[in-house]
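Participant:
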Amino acid sequence: DAGITQSPRYKITETGRQVTLMCHQTWSHSYMFWYRQDLGHGLRLIYYSAAADITDKGEVPDGYVVSRSKTENFPLTLESATRSQTSVYFCASSDWSGNQPQHFGDGTRLSIL
Amino acid sequence: TQLLEQSPQFLSIQEGENLTVYCNSSSVFSSLQWYRQEPGEGPVLLVTVVTGGEVKKLKRLTFQFGDARKDSSLHITAAQPGDTGLYLCAGARGSTLGRLYFGRGTQLTVWP
């Protein structure tokens, strides 16, 4: 089915571990985004990508790494997880124009103990 | 620094009441989008407004884009429990194609 899927939906890990969140979209949208959502902060942009092999920092990129070798995939890696990275992470995609809507996945709830 | 300020942050009303949510900025946006998010799901687009002064209606929801394209409002008439959710405004800027700047959201609860 067409859409955007995130995996896993839930993840518990320990501080210092590396964890990768996956995002896959079937629309061939050029833009993809990673946000984190925390109470009191709303949605904050971590990284985004305008096309394969093109990525750019958002508001809160520290501690995160992204790659985009294929248009449809945009994994987010926490290289050494910290408790402050406990959050709900959303991936989104959109077509090339800024006026196009962003289509969101259902999120990954990440807890770091 | 938050480019878009949403107010109020929380709204709790009875079924049948009217309400307005505001989204304000000192910056100009090329377009403004409104999203609604339910628990356990990602935000879903409700509407996009592009022209200054534009008004769009979606059943009982009315969206307005300010003349100067710096602010927007969402008005709900005769709210229903099904309107409960987190409402987010998001602005697009011509200088950063593809990227949206989100407000912090308004959590609306409509009691039967």
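Quick note, the sequences are listed as chains A and B, same order. Residue 56 in the working numbering sits at position 56 of the first sequence, with consecutive numbering throughout. Residue 28 in the working numbering sits at position 28 of the second sequence, with consecutive numbering throughout. Don't be surprised by glycine CBs; every beta carbon is placed ideally from N, CA and C.
At the level of alpha carbons, what is the spacing between T20 of chain B and L86 of chain B?
Facilitator: To locate residue 20 of chain B, count along the second sequence from 1; it is residue 20. To locate residue 86 of chain B, count along the second sequence from 1; it is residue 86. Using only the alpha carbons, I get a separation of about 14 Å.
Participant: Contact between the stretch 27-39 of chain A and the stretch 82-92 of chain A: three or more CB pairs below 8 Å?
Facilitator: Judged by Cβ distances under 8 Å, the stretch 27-39 of chain A makes contact with the stretch 82-92 of chain A, as three or more pairs qualify.
Participant: Against chain B, does W34 of chain A count as a neighbour if the rule is that its beta carbon must be under 8 Å from one of theirs?
Facilitator: Numbered from its first residue, the first sequence carries residue 34 of chain A at position 34. Answer no: the Cβ-Cβ gap between W34 of chain A and chain B never drops below 8 Å.
Participant: Which same chain residues, not among the five before or five after P43 of chain B, have their C-beta less than 6 Å away from its C-beta?
Facilitator: Stepping through the second sequence from its first residue, residue 43 of chain B is reached at position 43. Answer for P43 of chain B: Y35, Q37 and L88, listed in chain order.
Participant: Just how far apart, CA to CA, sit S31 of chain B and A52 of chain A?
Facilitator: By 1-based counting over the second sequence, the position of residue 31 of chain B is 31. By 1-based counting over the first sequence, the position of residue 52 of chain A is 52. Taking the straight line joining both Cα atoms gives about 26 Å.
Participant: One question on the structure: do Q64 of chain B and V110 of chain B come within less than 8 Å of each other, judged by their Cβ atoms?
Facilitator: Translated into positions along the second sequence, residue 64 of chain B becomes position 64. Translated into positions along the second sequence, residue 110 of chain B becomes position 110. Result no, Cβ atoms of Q64 of chain B and V110 of chain B do not sit closer than 8 Å.
Participant: Distance cutoff 8 Å, beta carbons only. Does E41 of chain B sit that close to anything in chain A?
Facilitator: The residue labelled residue 41 of chain B in the question sits at position 41 within the second sequence. Yes, its Cβ sits closer than 8 Å to a Cβ of chain A.
Participant: Thinking just about the alpha-carbon of each residue, which of A:Y31, A:T108, A:S80 and A:S93 is nearest to the one in E14 of chain A?
Facilitator: Along the first sequence, one-based indexing puts residue 14 of chain A at 14. Per the Cα distances, A:S80.
Participant: For L78 of chain A, which of A:K70, A:S69, A:C23 and A:V65 has the nearest alpha-carbon?
Facilitator: Here residue 78 of chain A is taken as the residue at index 78 of the first sequence, counted from 1. Comparing Cα positions, the closest option is A:V65.
Participant: Nearest chain A C-beta to V21 of chain B closer than 8 Å, yes or no?
Facilitator: The residue labelled residue 21 of chain B in the question sits at position 21 within the second sequence. For V21 of chain B, the answer is no, since every Cβ of chain A falls outside 8 Å of its Cβ.
Participant: Any beta-carbon of chain B closer than 8 Å to the one on L76 of chain A?
Facilitator: By 1-based counting over the first sequence, the position of residue 76 of chain A is 76. By this cut-off, L76 of chain A is not an interface position.
Participant: Helix, strand or coil, according to DSSP, for G91 of chain B in the structure here?
Facilitator: One-based indexing of the second sequence puts residue 91 of chain B at position 91. If DSSP states are grouped into helix, strand and coil, G91 of chain B belongs with the strands.
Participant: What's the C-alpha gap between G63 of chain A and R17 of chain A?
Facilitator: If you number the first sequence from 1, residue 63 of chain A lands on position 63. If you number the first sequence from 1, residue 17 of chain A lands on position 17. Answer to the nearest angstrom: the Cα atoms are 12 Å apart.
Participant: Show which residues of chain B have a CB atom less than 9 Å away from the CB atom of N99 of chain A.
Facilitator: Taking the first residue of the first sequence as 1, we reach residue 99 of chain A at position 99. The contacting residues are S30, S31, Q33, T48, V50 and A92.
Participant: Could you check the C-alpha separation between F29 of chain B and S67 of chain A for me, to the nearest Å?
Facilitator: Looking up residue 29 of chain B in the second sequence gives position 29. Looking up residue 67 of chain A in the first sequence gives position 67. Cα to Cα, the separation comes out at about 29 Å.
Participant: Per DSSP, which residues does S116 of chain B bridge with? Please list them.
Facilitator: In the structure displayed, chain B extends from 1 to 112; residue 116 of chain B sits before or after that span and is not available.
Participant: Which residues of the stretch 54-85 of chain B have a Cβ closer than 9 Å to any Cβ of chain A? Give them in chain order.
Facilitator: Listed in sequence order: no entries.
Participant: Counting C-beta neighbours from all protein chains within 10 Å, is the total for I4 of chain A 16 or more, i.e. buried, or is it exposed?
Facilitator: Translated into positions along the first sequence, residue 4 of chain A becomes position 4. Result: buried.
Participant: For R104 of chain B, go through chain A and note every residue whose CB falls closer than 9 Å to its CB, in chain order.
Facilitator: Against the second sequence, residue 104 of chain B aligns to sequence position 104. In chain order: G40, H41, G42 and L43.
Participant: Need the endpoints of the beta strand (DSSP E) that F90 of chain A sits in, please.
Facilitator: By one-based count along the first sequence, residue 90 of chain A stands at place 90. It spans S87 to S94 - the beta strand (DSSP E) in which F90 of chain A sits, taken as one unbroken run.
Participant: Which residue wins for smallest C-alpha separation from G105 of chain A, given the options A:I12, A:P61, A:G42 and A:S94?
Facilitator: For the purposes of this step, residue 105 of chain A is taken as the residue at position 105 of the first sequence. Comparing Cα positions, the closest option is A:S94.
Participant: Flag R36 of chain B as yes if its beta-carbon sits less than 8 Å from any beta-carbon of chain A, otherwise no.
Facilitator: Within the second sequence, residue 36 of chain B is the residue found at index 36, counting from 1. Not closer than 8 Å to any Cβ of chain A, the Cβ of R36 of chain B fails to qualify, so no.
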